[in-house]
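K.L.:
Number of protein chains: 4
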Amino acid sequence: MQLGLIGLGKMGGNMRERIRRAGHTVIGYDRNPDVSDVGSLAELVERLDGSPRTVWVMVPAGGATQSVVDELAELLSPGDTVVDGGNSRWTDDEKHAAELGAKGIGFVDAGVSGGVWGLQNGYALMVGGDEEHVQRLQPIFEALKPEGPYGYVHAGKVGAGHFSKMVHNGIEYAMMQAYAEGWELLEKVDSVTSVREVFRSWQEGTVIRSWLLDLAVNALDEDEHLAKLRGYAEDSGEGRWTVEAAIDHAVPLPAITASLFTRFASRQDDSPQMKMIAALRNQFGGHAVEATE
Amino acid sequence: MQLGLIGLGKMGGNMRERIRRAGHTVIGYDRNPDVSDVGSLAELVERLDGSPRTVWVMVPAGGATQSVVDELAELLSPGDTVVDGGNSRWTDDEKHAAELGAKGIGFVDAGVSGGVWGLQNGYALMVGGDEEHVQRLQPIFEALKPEGPYGYVHAGKVGAGHFSKMVHNGIEYAMMQAYAEGWELLEKVDSVTSVREVFRSWQEGTVIRSWLLDLAVNALDEDEHLAKLRGYAEDSGEGRWTVEAAIDHAVPLPAITASLFTRFASRQDDSPQMKMIAALRNQFGGHAVEATE
Amino acid sequence: MQLGLIGLGKMGGNMRERIRRAGHTVIGYDRNPDVSDVGSLAELVERLDGSPRTVWVMVPAGGATQSVVDELAELLSPGDTVVDGGNSRWTDDEKHAAELGAKGIGFVDAGVSGGVWGLQNGYALMVGGDEEHVQRLQPIFEALKPEGPYGYVHAGKVGAGHFSKMVHNGIEYAMMQAYAEGWELLEKVDSVTSVREVFRSWQEGTVIRSWLLDLAVNALDEDEHLAKLRGYAEDSGEGRWTVEAAIDHAVPLPAITASLFTRFASRQDDSPQMKMIAALRNQFGGHAVEATE
Amino acid sequence: MQLGLIGLGKMGGNMRERIRRAGHTVIGYDRNPDVSDVGSLAELVERLDGSPRTVWVMVPAGGATQSVVDELAELLSPGDTVVDGGNSRWTDDEKHAAELGAKGIGFVDAGVSGGVWGLQNGYALMVGGDEEHVQRLQPIFEALKPEGPYGYVHAGKVGAGHFSKMVHNGIEYAMMQAYAEGWELLEKVDSVTSVREVFRSWQEGTVIRSWLLDLAVNALDEDEHLAKLRGYAEDSGEGRWTVEAAIDHAVPLPAITASLFTRFASRQDDSPQMKMIAALRNQFGGHAVEATE
Numbered sequence: 297m298q299l300g301l302i303g304l305g306k307m308g309g310n311m312r313e314r315i316r317r318a319g320h321t322v323i324g325y326d327r328n329p330d331v332s333d334v335g336s337l338a339e340l341v342e343r344l345d346g347s348p349r350t351v352w353v354m355v356p357a358g359g360a361t362q363s364v365v366d367e368l369a370e371l372l373s374p375g376d377t378v379v380d381g382g383n384s385r386w387t388d389d390e391k392h393a394a395e396l397g398a399k400g401i402g403f404v405d406a407g408v409s410g411g412v413w414g415l416q417n418g419y420a421l422m423v424g425g426d427e428e429h430v431q432r433l434q435p436i437f438e439a440l441k442p443e444g445p446y447g448y449v450h451a452g453k454v455g456a457g458h459f460s461k462m463v464h465n466g467i468e469y470a471m472m473q474a475y476a477e478g479w480e481l482l483e484k485v486d487s488v489t490s491v492r493e494v495f496r497s498w499q500e501g502t503v504i505r506s507w508l509l510d511l512a513v514n515a516l517d518e519d520e521h522l523a524k525l526r527g528y529a530e531d532s533g534e535g536r537w538t539v540e541a542a543i544d545h546a547v548p549l550p551a552i553t554a555s556l557f558t559r560f561a562s563r564q565d566d567s568p569q570m571k572m573i574a575a576l577r578n579q580f581g582g583h584a585v586e587a588t589e
Numbered sequence: 297m298q299l300g301l302i303g304l305g306k307m308g309g310n311m312r313e314r315i316r317r318a319g320h321t322v323i324g325y326d327r328n329p330d331v332s333d334v335g336s337l338a339e340l341v342e343r344l345d346g347s348p349r350t351v352w353v354m355v356p357a358g359g360a361t362q363s364v365v366d367e368l369a370e371l372l373s374p375g376d377t378v379v380d381g382g383n384s385r386w387t388d389d390e391k392h393a394a395e396l397g398a399k400g401i402g403f404v405d406a407g408v409s410g411g412v413w414g415l416q417n418g419y420a421l422m423v424g425g426d427e428e429h430v431q432r433l434q435p436i437f438e439a440l441k442p443e444g445p446y447g448y449v450h451a452g453k454v455g456a457g458h459f460s461k462m463v464h465n466g467i468e469y470a471m472m473q474a475y476a477e478g479w480e481l482l483e484k485v486d487s488v489t490s491v492r493e494v495f496r497s498w499q500e501g502t503v504i505r506s507w508l509l510d511l512a513v514n515a516l517d518e519d520e521h522l523a524k525l526r527g528y529a530e531d532s533g534e535g536r537w538t539v540e541a542a543i544d545h546a547v548p549l550p551a552i553t554a555s556l557f558t559r560f561a562s563r564q565d566d567s568p569q570m571k572m573i574a575a576l577r578n579q580f581g582g583h584a585v586e587a588t589e
Numbered sequence: 297m298q299l300g301l302i303g304l305g306k307m308g309g310n311m312r313e314r315i316r317r318a319g320h321t322v323i324g325y326d327r328n329p330d331v332s333d334v335g336s337l338a339e340l341v342e343r344l345d346g347s348p349r350t351v352w353v354m355v356p357a358g359g360a361t362q363s364v365v366d367e368l369a370e371l372l373s374p375g376d377t378v379v380d381g382g383n384s385r386w387t388d389d390e391k392h393a394a395e396l397g398a399k400g401i402g403f404v405d406a407g408v409s410g411g412v413w414g415l416q417n418g419y420a421l422m423v424g425g426d427e428e429h430v431q432r433l434q435p436i437f438e439a440l441k442p443e444g445p446y447g448y449v450h451a452g453k454v455g456a457g458h459f460s461k462m463v464h465n466g467i468e469y470a471m472m473q474a475y476a477e478g479w480e481l482l483e484k485v486d487s488v489t490s491v492r493e494v495f496r497s498w499q500e501g502t503v504i505r506s507w508l509l510d511l512a513v514n515a516l517d518e519d520e521h522l523a524k525l526r527g528y529a530e531d532s533g534e535g536r537w538t539v540e541a542a543i544d545h546a547v548p549l550p551a552i553t554a555s556l557f558t559r560f561a562s563r564q565d566d567s568p569q570m571k572m573i574a575a576l577r578n579q580f581g582g583h584a585v586e587a588t589e
Numbered sequence: 297m298q299l300g301l302i303g304l305g306k307m308g309g310n311m312r313e314r315i316r317r318a319g320h321t322v323i324g325y326d327r328n329p330d331v332s333d334v335g336s337l338a339e340l341v342e343r344l345d346g347s348p349r350t351v352w353v354m355v356p357a358g359g360a361t362q363s364v365v366d367e368l369a370e371l372l373s374p375g376d377t378v379v380d381g382g383n384s385r386w387t388d389d390e391k392h393a394a395e396l397g398a399k400g401i402g403f404v405d406a407g408v409s410g411g412v413w414g415l416q417n418g419y420a421l422m423v424g425g426d427e428e429h430v431q432r433l434q435p436i437f438e439a440l441k442p443e444g445p446y447g448y449v450h451a452g453k454v455g456a457g458h459f460s461k462m463v464h465n466g467i468e469y470a471m472m473q474a475y476a477e478g479w480e481l482l483e484k485v486d487s488v489t490s491v492r493e494v495f496r497s498w499q500e501g502t503v504i505r506s507w508l509l510d511l512a513v514n515a516l517d518e519d520e521h522l523a524k525l526r527g528y529a530e531d532s533g534e535g536r537w538t539v540e541a542a543i544d545h546a547v548p549l550p551a552i553t554a555s556l557f558t559r560f561a562s563r564q565d566d567s568p569q570m571k572m573i574a575a576l577r578n579q580f581g582g583h584a585v586e587a588t589e
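Protein chains in written order, with the numbering used here: chain A, 297 to 589; chain B, 297 to 589; chain C, 297 to 589; chain D, 297 to 589.
#1: Does the distance from the C-beta atom of P442/B to that of G466/B stay below 9 Å?
#2: What residue ranges within the segment 370-394 of chain A form continuous beta strand (DSSP E) runs of no fewer than 3 residues, ordered along the chain?
#3: Using a cut-off of 8 Å between C-beta atoms, extract the partners of I543/C located in chain A.
#4: Taking T321/D as part of the alpha helix (DSSP H), name the residues at either end of that continuous run.
#5: Which of the three DSSP states, helix, strand or coil, is assigned to S409/B?
#6: Ordered along the chain, which non-local residues of its own chain (more than five positions away) have a Cβ less than 7 Å from that of Y469/D?
#7: So, is P445/C buried or exposed, given that buried needs 16 or more other C-beta atoms within 10 angstroms?
#8: With DSSP as the reference, identify every bridge partner of Q298/D, one or two as the case may be.
#9: When the cut-off is 9 Å and only beta carbons count, does A439/D lie next to chain C?
#10: Just to confirm the assignment, what range does the alpha helix (DSSP H) spanning W507/A have?
#11: Suppose you measure from the CA of R312/D to the CA of W498/D; what does that come to, to the nearest Å?
#12: How is H521/A classed by DSSP in three states: helix, strand or coil?
#13: Under 7 Å, CB to CB, which of the residues in the segment 504-523 of chain A have a partner in chain B?
#14: When DSSP labels each residue in this structure, what does L421/A get in the three-state scheme?
#15: Listed in chain order, which residues of the segment 491-505 of chain A have Cβ atoms closer than 8 Å to some Cβ of chain C?
#16: Going along chain B, which residues have a C-beta under 8 Å from Q579/C?
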């Protein structure tokens with residue numbers, strides 16, 4: 297089938313390639329003319345034959361996605377379908393579905409996992425929306441997903457795809473934190489000769505074997521003590537939203553939240569709160585404080 | 297080769313079977329005569345031919361392991377080797393090595409992972425000790441470990457095996473907590489039709505695919521909403537030791553520790569600390585309290 | 297001076313009393329005619345002499361406050377001032393200020409602390425808004441605040457009052473949790489004869505002496521082991537908002553967030569996430585699970 | 297009465313002064329001859345008249361305390377009493393009591409709070425030991441404690457004093473963390489004009505008023521944004537022991553533990569665990585990493 301794909305960055309570019317390899321026609325648009333197949337969104341919509349048309353949006357969550365949805369609401373026709381495959385907050389999905397639905401345009405939200413490995417291994421897809429809209433996209437979902445029985449789910453109503461992907465990322469935060477904590481502790485112990493070899497051994501037969509563990513071994517093979525890296529980690533929004541959703545539902549998420557907070561702390565050159573701790577210790581105990589340089 | 301194996305419970309019994317399948321001779325001893333090959337530890341040692349003899353101890357950590365080590369120190373001869381494959385605290389290993397070493401008996405500590413799946417898939421082994429003692433055990437380690445390049449590591453000096461296994465379990469706690477938190481949050485959201493199917497889809501193509509995730513799907517297939525289970529979890533000691541080791545080394549372990557604390561809380565019928573919170577809220581705000589029945 | 301006061305519940309009723317004791321005129325309105333001085337909001341506004349009028353809103357945050365603000369926007373005149381002294385989210389303040397400002401009506405937000413002790417001890421006030429509006433209210437703030445140099449601050453622009461009060465409550469959560477954790481641990485130890493007497497002794501000379509500690513001793517005097525209480529605690533919204541604000545600003549709040557999560561957990565009859573932990577332990581280790589009754 | 301006092305550092309020196317002001321005789325010993333009243337422990341014991349003698353040990357916990365106790369076991373006589381007022385781990389107390397008890401010497405453990413303010417305000421005392429030994433020390437306890445009904449407790453058996461003091465310090469960690477988190481969050485918000493003034497206002501009428509809050513205001517008066525301090529905090533051992541005791545008793549301590557871990561993290565120039573997070577993000581997502589300089 298034919299698909300319009302908006303956003304050809306690290307993710308979108310590889311997805312175009314994977315869908316084409318499956319024999320579908322993809323017309324891609326990106327603001328960067330070097331990678332774009334067409335010169336404008338309007339041209340992309342024109343180039344899509346007949347009706348119904350299907351357009352996949354793969355641009356940054358928030359304002360960028362909103363403005364593409366606004367444009368598509370003008371350019372598309374009743375019966376067409378828009379898929380938001382970006383990392384949008386699930387609360388945006390209902391708004392987009394309503395805005396497009398008012399014009400008779402269908403909306404599907406798709407959480408996409410797979411990162412730089414997706415072109416080769418396939419992208420896991422968590423999809424939300426009405427059955428009729430989801431059904432229309434099925435050939436594209438089949439092209440993108442990994443082979444085998446897993447890697448795709450119609451998770452529920454509009455928003456369920458992004459919500460599931462968001463929780464996936466929250467879990468990911470805590471799993472990464474789990475390995476990271478274990479790694480730091482093992483590195484501190486004199487009796488262990490090579491932490492890297494311990495990690496490598498865990499890849500089979502253990503309870504904690506996983507793809508993330510395989511990646512950790514790859515990373516340690518490149519730089520055994522990660523000496524070239526700073527202990528600095530961004531967060532992409534989905535960890536934050538997971539905690540906010542948990543607060544809305546009064547669900548305690550101690551491990552996921554701890555994993556988010558260590559990232560926040562990793563980006564501080566000096567910790568304001570620990571200045572206050574140092575100040576208080578000095579006040580009551582006369583404990584020495586360290587001065588900034 | 298020939299191995300004496302002490303402790304033929306859930307783990308030891310299956311290990312005897314797997315080692316025998318690899319063509320080795322195992323003489324097993326257990327206090328339970330139904331499963332034991334010999335009537336006593338002394339008989340087990342006598343039945344092992346010639347020298348050097350090798351005895352694998354697979355009994356509960358702490359007192360049980362200590363008393364077996366004490367007996368073996370009397371029964372074995374210089375040049376023999378003892379392996380402690382139980383879940384001993386790494387700090388016990390040096391004591392056992394010294395006690396046996398004083399008699400010329402070698403000591404190796406082995407952290408063993410694999411649970412009820414080990415007979416079929418192999419047991420992951422993290423081993424600590426001197427190269428000469430570890431070398432002597434190599435055929436047994438080969439028999440126990442999974443096929444393929446992973447699942448075995450000589451982690452370092454005496455204690456390094458149990459330390460690595462302990463950290464493995466700490467990581468395991470936080471990974472389980474990660475999936476558990478995500479599952480609870482997804483179950484709270486109306487838009488998601490089936491959390492089980494979302495979990496199932498994650499088994500391929502996602503960043504969080506893992507063996508624990510596969511097990512979670514198994515569990516949800518047996519009981520989709522885990523309605524038959526109480527939210528009650530024991531802890532086996534290794535999570536506690538991981539946190540204690542982290543404290544010794546001043547390593548922050550927020551996610552692993554949170555995972556330990558949720559287990560503690562799960563075993564309380566009512567939370568004493570939350571009684572105090574309720575009491576304080578009542579004191580300053582006149583907030584209603586709930587009475588015990 | 298003259299003040300209209302809307303909302304005469306546990307807080308508002310006592311505040312009316314304290315302001316009157318200071319010699320001011322308070323006309324109070326409440327939906328409950330037993331405590332109300334007037335029959336309607338319109339009547340309250342009419343009864344306030346001349347201009348400018350000042351109306352203090354002390355109703356539940358959210359919808360109730362919004363609808364009172366909407367009504368006041370219609371009833372009041374340019375130059376009048378509205379104070380929101382409820383537990384509104386700071387993000388509502390700018391909206392209310394804009395809505396009223398469009399009619400020339402001033403807006404001040406006031407975070408109020410003091411609970412059931414406020415009538416006697418005074419209410420601590422954290423106030424946000426333009427200097428001219430805050431100035432107009434000064435006699436009322438003086439009447440409400442405790443004697444002495446503390447207990448009142450003009451914290452900043454519109455929203456700063458509620459934001460400061462919200463952080464106050466976040467800190468309160470973690471302080472309560474601190475005492476609660478310590479209390480539970482002491483209660484577990486055989487060597488300590490009376491935890492209540494230990495708490496009592498801490499009221500002077502220690503680093504942790506505080507008003508909350510005094511309240512804890514009061515509570516233990518009423519019920520030494522809090523045996524009559526359930527370990528169940530509501531949360532009022534401000535703890536949640538504190539964590540959300542921290543996430544917005546990428547500030548790690550591990551202790552405050554932990555304190556919020558223990559409250560969430562205290563309200564669950566059984567923990568869904570711990571069911572998953574139990575299920576996973578059973579899957580990989582054959583560990584026994586507890587069935588629901 | 298007459299007291300031998302060993303250790304005349306920041307704490308011991310001031311305690312000698314406070315006890316003398318109350319009219320008692322103190323013979324102090326310190327390795328530093330500039331502050332010592334006698335030249336050796338032996339001389340100190342000799343100088344104490346008759347029997348029973350009472351010696352207060354105020355030296356660093358661990359090896360230093362142990363060696364003083366060992367010496368005193370040789371120098372003192374049956375019927376004498378030793379008080380350990382240092383920050384010893386409660387588990388040491390039973391050992392010291394047994395060692396001294398074997399010679400007929402009594403032992404009392406005393407947790408002492410008050411820091412640099414103790415000389416002026418008095419020291420809070422949490423005391424463990426047999427009633428007969430505690431009774432003998434009563435005049436000294438009276439001299440040290442603050443005026444008024446609080447600040448002293450005979451908490452229970454040997455060890456109960458240090459255990460109570462340890463929990464006191466654990467609570468202190470989490471209270472400090474509570475204020476520190478709130479301070480950092482307030483400092484991030486543009487609408488709040490002066491966080492220092494907000495803190496100052498909290499000193500009366502609020503739920504969170506406390507001595508630590510007063511100290512925080514002092515610190516902010518000296519350096520409004522704590523710009524001169526590094527966010528670096530040592531920990532003295534008692535926070536660690538609190539968490540270890542909690543683990544022994546399966547008590548969840550999320551806020552206190554979080555407060556300990558933020559201190560650990562504050563002392564790391566770069567976070568090893570966050571290097572692993574950065575490495576994993578790079579592996580699966582191609583996310584940029586920051587290189588060490």
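The beta carbon of each residue, even a glycine, is placed where N, CA and C say it ideally should be.
P.N.:
In short:
#1: No, Cβ-Cβ distance for P442/B and G466/B is not below 9 Å.
#2: When DSSP assignments are scanned along the segment 370-394 of chain A, the uninterrupted stretches of beta strand (DSSP E) that are 3 or more residues long and fall wholly within it turn out to be 377-380.
#3: For I543/C, the chain A residues whose C-beta falls within less than 8 Å of its own C-beta are R536, V539, E540, L556, listed in chain order.
#4: Unbroken run through T321/D is the beta strand (DSSP E), 321-325; no alpha helix (DSSP H).
#5: Correct three-state label for S409/B: strand.
#6: If you ignore the 5 residues before and after Y469/D, its C-beta comes within less than 7 Å of the C-beta of G535, I552, S555, L556, all in its own chain and listed in chain order.
#7: Its Cβ having fewer than 16 others within 10 Å, P445/C is exposed.
#8: As a beta-bridge residue in DSSP terms, Q298/D pairs with T321/D.
#9: So no, A439/D is outside the interface.
#10: Taken as a continuous stretch (DSSP letters only), the alpha helix (DSSP H) holding W507/A covers 507-518.
#11: Going from the Cα of R312/D to the Cα of W498/D covers about 36 Å.
#12: Note: H521/A maps to coil in three-state DSSP.
#13: Those residues of the segment 504-523 of chain A that come within reach of chain B (Cβ to Cβ, closer than 7 Å) are I504, R505, S506, W507, L508.
#14: DSSP places L421/A in strand when its eight states are reduced to three.
#15: Answer in chain order: V503.
#16: Going along chain B in sequence order, the residues near Q579/C (Cβ under 8 Å) are L511, A512, N514, A515.
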